[in-house]
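Below is one structure, written out as structure tokens; comments come after it.
2 protein chains.
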Amino acid sequence: MTTIKDIAKTAGVSVTTVSRALNGYSDVNEATRKKIVETARQLNYTPNTIARSLVMKKSKTIGLLVSGFIRESLKDNFMLNVLAGVNDFASGTDYDIVLFNTNSSKQREKTYHQLCRERQVDGVVIQGIKTDDPYLEEIIDGDIPCVLVDIPKMGPKTGYVSTDNVIGAYEAGKHLLGLGHTKIAMINGHDQAFVSQERLDGFQKALNEAGLSLLQVENGGFSEEGGRASLLNIMSQHPDVTAIFCASDLMAIGALSALKELGKSAPEDLSIVGYDDILLAKYVTPALTTVSQDTHGLGYEAAKMLIGMLEGKQPGKTIVKHELMIRDSSQQCL
Amino acid sequence: MTTIKDIAKTAGVSVTTVSRALNGYSDVNEATRKKIVETARQLNYTPNTIARSLVMKKSKTIGLLVSGFIRESLKDNFMLNVLAGVNDFASGTDYDIVLFNTNSSKQREKTYHQLCRERQVDGVVIQGIKTDDPYLEEIIDGDIPCVLVDIPKMGPKTGYVSTDNVIGAYEAGKHLLGLGHTKIAMINGHDQAFVSQERLDGFQKALNEAGLSLLQVENGGFSEEGGRASLLNIMSQHPDVTAIFCASDLMAIGALSALKELGKSAPEDLSIVGYDDILLAKYVTPALTTVSQDTHGLGYEAAKMLIGMLEGKQPGKTIVKHELMIRDSSQQCL
DNA sequence: GACTAAATCCGAAACGTTTCGGATGCTGAT
DNA sequence: ATCAGCATCCGAAACGTTTCGGATTTAGTC
Numbered sequence: 159m160t161t162i163k164d165i166a167k168t169a170g171v172s173v174t175t176v177s178r179a180l181n182g183y184s185d186v187n188e189a190t191r192k193k194i195v196e197t198a199r200q201l202n203y204t205p206n207t208i209a210r211s212l213v214m215k216k217s218k219t220i221g222l223l224v225s226g227f228i229r230e231s232l233k234d235n236f237m238l239n240v241l242a243g244v245n246d247f248a249s250g251t252d253y254d255i256v257l258f259n260t261n262s263s264k265q266r267e268k269t270y271h272q273l274c275r276e277r278q279v280d281g282v283v284i285q286g287i288k289t290d291d292p293y294l295e296e297i298i299d300g301d302i303p304c305v306l307v308d309i310p311k312m313g314p315k316t317g318y319v320s321t322d323n324v325i326g327a328y329e330a331g332k333h334l335l336g337l338g339h340t341k342i343a344m345i346n347g348h349d350q351a352f353v354s355q356e357r358l359d360g361f362q363k364a365l366n367e368a369g370l371s372l373l374q375v376e377n378g379g380f381s382e383e384g385g386r387a388s389l390l391n392i393m394s395q396h397p398d399v400t401a402i403f404c405a406s407d408l409m410a411i412g413a414l415s416a417l418k419e420l421g422k423s424a425p426e427d428l429s430i431v432g433y434d435d436i437l438l439a440k441y442v443t444p445a446l447t448t449v450s451q452d453t454h455g456l457g458y459e460a461a462k463m464l465i466g467m468l469e470g471k472q473p474g475k476t477i478v479k480h481e482l483m484i485r486d487s488s489q490q491c492l
Numbered sequence: 159m160t161t162i163k164d165i166a167k168t169a170g171v172s173v174t175t176v177s178r179a180l181n182g183y184s185d186v187n188e189a190t191r192k193k194i195v196e197t198a199r200q201l202n203y204t205p206n207t208i209a210r211s212l213v214m215k216k217s218k219t220i221g222l223l224v225s226g227f228i229r230e231s232l233k234d235n236f237m238l239n240v241l242a243g244v245n246d247f248a249s250g251t252d253y254d255i256v257l258f259n260t261n262s263s264k265q266r267e268k269t270y271h272q273l274c275r276e277r278q279v280d281g282v283v284i285q286g287i288k289t290d291d292p293y294l295e296e297i298i299d300g301d302i303p304c305v306l307v308d309i310p311k312m313g314p315k316t317g318y319v320s321t322d323n324v325i326g327a328y329e330a331g332k333h334l335l336g337l338g339h340t341k342i343a344m345i346n347g348h349d350q351a352f353v354s355q356e357r358l359d360g361f362q363k364a365l366n367e368a369g370l371s372l373l374q375v376e377n378g379g380f381s382e383e384g385g386r387a388s389l390l391n392i393m394s395q396h397p398d399v400t401a402i403f404c405a406s407d408l409m410a411i412g413a414l415s416a417l418k419e420l421g422k423s424a425p426e427d428l429s430i431v432g433y434d435d436i437l438l439a440k441y442v443t444p445a446l447t448t449v450s451q452d453t454h455g456l457g458y459e460a461a462k463m464l465i466g467m468l469e470g471k472q473p474g475k476t477i478v479k480h481e482l483m484i485r486d487s488s489q490q491c492l
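Sequences listed follow chains C and W, in order.
For the first sequence, this note's numbering assigns the number 159 to the initial residue and increments by one for each residue that follows.
For the second sequence, this note's numbering assigns the number 159 to the initial residue and increments by one for each residue that follows.
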């Protein structure tokens, strides 16, 4: 491993000069710079970023919290999509991404704050943590630049990027209402998710404006199985329901399969609309009416904001677009 | 930021002792260790891994090359799945993962070797690079611990993990043969992919054993659109074809949609079998017969081997299982 | 009481870089 | 001849750790 010292020695200058030459400072003669660059090339020199990080107190890396990064998440692709988005933006900069795991047992008691400090990341994007996570406050109030995805909270050093779940759900509600539905239930995620609260709010708002209210709300925990169970539950308690809004496509798909088991089918017997527009949504039969969100964009914008902050900008909030995708799982109420 | 020095000062010992105490060395009195640990806690100390890395010459991070990590890859989930697998294994260790981008323009001329050196990763898992990548040899012959996924090459410090594509394709061939097909074509990926070569070999082997040979082989570049185009091409040149083997599900899905455009349908008019068993495969209609490979396992095993190597083990090769999933897109030849 | 061995501690160097605060030499003006 | 100003260079400290080689104390043995 050749270092800056080696270059200095063989080029006959000091390490200071080598450093300054390689970093493009002005107070080094063009001739000596040439020589230095050349010997660096000959010695096959690559800078040691670790040493640089140590003295600069900047690591040029951003952390990505992937707490619940378990196999389950592979089906809906949420985390992976935002990861891809983060990566896509970061690849245009000189920042690298390091993945943080918090699910390992020994690290469990470490706070995010400690994790970040320890790995010396310059900033961090956080996703998928619960509203009641004890460490959330700590990071928001902390001094580590941070951007939250789908968690609408701000702090001195933390901004967030999200979609407008309230309006998205509102539009889903309007859609169902427009089709003439009045007996409507909802399968929500769980109470510790910000998006669940928002989607419930937005959907209810639409119903309320029409003088209606939800027949029933079940929590399906965002899982396919939870969607199945919730649908069964709803159908038994309210057999007259004609439409169900699901807070995630995965749950909607579960609901769809449960419906099939009951010998009924969508959209004839029941209109179903989902949320997320995951990859499967348009391939499943019937193709799912759902509100699409730009998950890749979430990650991309998160990285953009974070790196912006590292370059001196203030944290903010950015809302990425969503869109109601009307497909085959919802139809006019008979 | 409190350092080891601060602890030393307030605990009234030397930095050496603090270091040794915190790292569990034996030659420090239990009483002073207690004191040190306690003051460390009080001062909210977290070790600076960068400084540690600098002196230890180990960064406790592994790199993951995600060269073609573009949106396209989001649909088939290959890279993301292996990423998830790598992460899953790594989360049980004290290694972190850093994502390497090579698609950024300025980094383009840097070799993988330089990238690894620069970021000081202890090892790297590489996926998705072409057979003719000029830097592949460099990394294989190099001294950086490395494991390749789906690239069957070994070196002094490089092992690989893969599936048995030859047998997988062979089984696909046997399946089609068993259904009575004799007019068979193949849509392959591209010539610079190891898996393409292997899948072609395996499939041809099956046909040859039956005294048959391929009607036609098209390259679809692993994309949905490429699959469409290839199918159209094959159907026009060999209208009598009854079965097509695609080297990826994405291409198979493209082929399926092209078939539909022609007013034909699978499996009645044409049996189609894919490869990969991506998430969509079982949801698409008709559900795709395909050979499933454990992509998550690929990543998991890659991480396992790499970290094993970092702990002193020798590089090896590990083959993860595959399985022919017979679904609805293939049927008896009429 | 002297010597050995063990237990416990510490000073200082090292890792590879950046950067502050000069030092040196040269040019041209006075 | 002196000096200001500039261009070019460099020494040394600093970043926060780990670790080598030894120093000091204590306990045990004869």
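C-beta atoms are modelled at their ideal positions from N, C-alpha and C, and glycine is treated no differently.
Boundaries for Ile309 (chain C): no beta strand (DSSP E) harbours it, and the DSSP string shows neither H nor E there. Under the Cβ criterion of 8 Å, Asn181 (chain C) is not counted among the residues facing chain W.
Rounded to whole angstroms, the gap between the alpha carbons of Ala364 (chain C) and Asp246 (chain W) is 41 Å. If only uninterrupted alpha helix (DSSP H) runs of at least 4 residues are considered, those enclosed by the stretch 305-359 of chain W are 323-336.
The DSSP-derived three-state label of Asp299 (chain C) is helix.
For the stretch 303-333 of chain C, the set of residues with a beta-carbon nearer than 8 Å to any beta-carbon of chain W is empty. Beta-bridge analysis with DSSP links Gln451 (chain W) to W:His480. The beta-carbon separation of Leu437 (chain W) and Ser487 (chain W), rounded to 16 Å, does not stay under the 8 Å limit for a contact. With contact defined as three or more Cβ pairs closer than 8 Å, the stretch 398-416 of chain W and the stretch 459-478 of chain W are not in contact. Taking the beta carbon of Val224 (chain W) as reference, the chain C residues within 8 Å of it are Asn245, listed in sequence order.
DSSP places Phe403 (chain W) in the strand class (E or B) of the three-state scheme.
Thr174 (chain W) sits exposed, since fewer than 16 C-beta atoms from the chains shown fall within 10 Å of its C-beta.
Taking CB atoms only, Gln451 (chain C) has no neighbour in chain W less than 8 Å away.
Within the stretch 188-213 of chain C, no beta strand (DSSP E) run of at least 3 residues lies entirely inside it.
Close partners of Ile342 (chain C) in chain W (Cβ separation under 9 Å) are lacking, with about 26 Å as the shortest Cβ gap. Taking 8 Å as the CB threshold, Val256 (chain C) lines the interface with chain W. About 30 Å separates the Cβ atoms of Met463 (chain C) and Gly331 (chain C), ruling out a contact at the 8 Å cut-off.
A Cβ-Cβ separation of about 13 Å leaves Val279 (chain W) out of contact with Val244 (chain W) under the 8 Å criterion. In the structure shown, the three-state DSSP call for Leu373 (chain W) is coil. Below the 9 Å Cβ cutoff, chain W contributes no neighbours of Arg357 (chain C), its closest Cβ being approximately 24 Å away.
Close to chain C, meaning a Cβ-Cβ distance shorter than 9 Å, are the following residues of the stretch 180-213 of chain W: Asn202, Thr204, Pro205, Asn206, Thr207, Ile208, Ala209, Ser211 and Leu212. At least 8 Å separates the beta-carbon of Thr204 (chain W) from that of Val256 (chain C).
Looking from the CA of Glu296 (chain C), the closest CA among C:Pro314, C:Gly286 and C:Val324 belongs to C:Pro314. Contact of Val478 (chain W) with chain C is not assigned, every C-beta pair being separated by 8 Å or more.
When beta bridges are read from the DSSP output, Asp254 (chain W) appears opposite W:Thr219.
Assigned with DSSP and collapsed to three states, Ser394 (chain W) falls in helix.
The beta-bridge partner set that DSSP reports for Tyr433 (chain W) consists of W:Val449.
Under the three-state reduction of DSSP, Lys163 (chain C) is assigned to helix.
Annotation: Cβ neighbours of Val442 (chain W) in chain C (cutoff 8 Å, chain order): Tyr441. Listed by position along chain C, the residues whose Cβ is nearer than 7 Å to that of Arg386 (chain W) form an empty set, because the closest Cβ is around 16 Å away. Under the 8 Å criterion on CB atoms, Ser249 (chain C) is classed as interfacial with respect to chain W.
Contact annotation: the stretch 417-437 of chain C touches the stretch 383-401 of chain C, with at least three C-beta pairs closer than 8 Å.
In the structure shown, Lys475 (chain W) falls within a strand segment according to DSSP collapsed to helix, strand and coil.
Between the stretch 348-362 of chain W and the stretch 302-312 of chain W there are three or more C-beta pairs closer than 8 Å, enough to call the two in contact. When C:Lys288, C:Lys163 and C:Lys422 are compared, the shortest CA-CA separation from Leu201 (chain C) is found for C:Lys163.
Of the residues assessed, Asn187 (chain C) falls on the exposed side of the cut-off, its CB having fewer than 16 other CB atoms within 10 angstroms.
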